[in-house]
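J.: Input: one structure, supplied below.
Here it is, written out as structure tokens:
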């Protein structure tokens, strides 16, 4: 895509985010070793005015996802993310890494605790390691969105909503209501937002964030992870 002052680069994050282990050939994947150099090239290209990240991912490797999210977060050029279909698991940090985030009305985002694959040692150190990894994800999401940490933790550790898992599924407007995503929209809104940012709107190219004020309509935010499932943040009734 191109207009006036330069091109808009479209970066799709699809399928499963592949980490250090190559996934089976039948899996549709996004390889982080392909995405990271692209992000560097976008940042250095004088003809590229902004980055549009399209997400339809089931999640994947935690460290690979965080690496992509951190690079997007640290870009000086305008960035907008658009969640289409689904932005699940480690796709959540990637979605909020952009300077402005959008989600379609029918798209969903699953928030759940991280899990380990392969051999797991039943020792206290394993659970300490899991907690540290989880805190990295939580800290990144909270720092780059408007959702309060207690609310995000409550959504992550909620029981009774997913039949075979712990966590929460947010659909479209629900993700906006809790402060995770900035707004509802589609391709037109995403492109118009990028044009506004590139043309010196409320978002400049100095890397400053454009998050709205933390929403006050959440109500009490002091709920702990094990709060009863009927204590739901507004918008999830």
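Residue numbers (the numbering used here): 3 to 239.
Think of the CB as a built atom: it goes at the ideal place given N, C-alpha and C, for glycine as much as any other residue.
If you reduce the DSSP assignment to three classes, tell me which class residue 204 lands in.
T.: Along the chain shown, one-based indexing puts residue 204 at 202. No answer about residue 204 holds up, because its pLDDT of 49 lies below 50 and its placement is not dependable.
J.: Apart from the five residues just before and just after residue 45, which ones in its own chain have a Cβ nearer than 8 Å to its Cβ?
T.: In the chain shown, counting from the first residue as 1, residue 45 sits at position 43. Excluding residues within five positions, the ones whose Cβ falls inside 8 Å are 77, 78, 79.
J.: Along the alpha helix (DSSP H) that carries residue 159, what are the first and last residues, could you check?
T.: Here residue 159 refers to the residue found at position 157 of the chain shown. No alpha helix (DSSP H) holds residue 159; DSSP gives it neither H nor E.
J.: Can you tell which of 54, 114, 50 has the C-alpha that lies nearest to the C-alpha of residue 171?
T.: What you label residue 171 is simply residue 169 of the chain shown in a count that begins at 1. It is 114.
J.: Which same chain residues end up closer than 6 Å to residue 97 when comparing Cβ atoms and leaving out the 5 residues on each side of it in sequence?
T.: Here residue 97 refers to the residue found at position 95 of the chain shown. Excluding sequence neighbours, residue 97 sits near 57, 83, 85, 89, 103.
J.: Over the uninterrupted beta strand (DSSP E) stretch that includes residue 55, give me the two end residues.
T.: Taking the chain shown and counting its residues from 1, the one referred to as residue 55 is at position 53. Where residue 55 is concerned, the enclosing beta strand (DSSP E) stretches over 50 to 62.
J.: How big is the Cα-Cα spacing for residue 146 and residue 116?
T.: As a working mapping, residue 146 is identified with position 144 in the chain shown. As a working mapping, residue 116 is identified with position 114 in the chain shown. Looking at the two C-alpha atoms, the distance is approximately 19 Å.
J.: Nearest to residue 71 by CA position, among 167, 93, 174, is which residue?
T.: Translated into positions along the chain shown, residue 71 becomes position 69. Residue 71 has its Cα closest to that of 93, out of 167, 93, 174.
J.: For the pair the stretch 186 to 199 and the stretch 28 to 41, tell me if three or more CB-CB distances fall below 8 Å.
T.: These segments do not touch.
J.: Secondary structure at residue 38, three-state DSSP: helix, strand or coil?
T.: Reading the chain shown from its first residue, position 36 is the one you call residue 38. In this structure, residue 38 counts as helix in the three-state DSSP scheme.
J.: Does DSSP classify residue 128 as helix, strand or coil?
T.: The residue labelled residue 128 in the question sits at position 126 within the chain shown. DSSP places residue 128 in helix when its eight states are reduced to three.
J.: In chain order, what residues of the same chain have a beta carbon less than 7 Å from the beta carbon of residue 16, not counting five sequence neighbours either side?
T.: Against the chain shown, residue 16 aligns to sequence position 14. Closer than 7 Å at the Cβ level, and outside the excluded window around residue 16, lie 30, 32, 58, 59.
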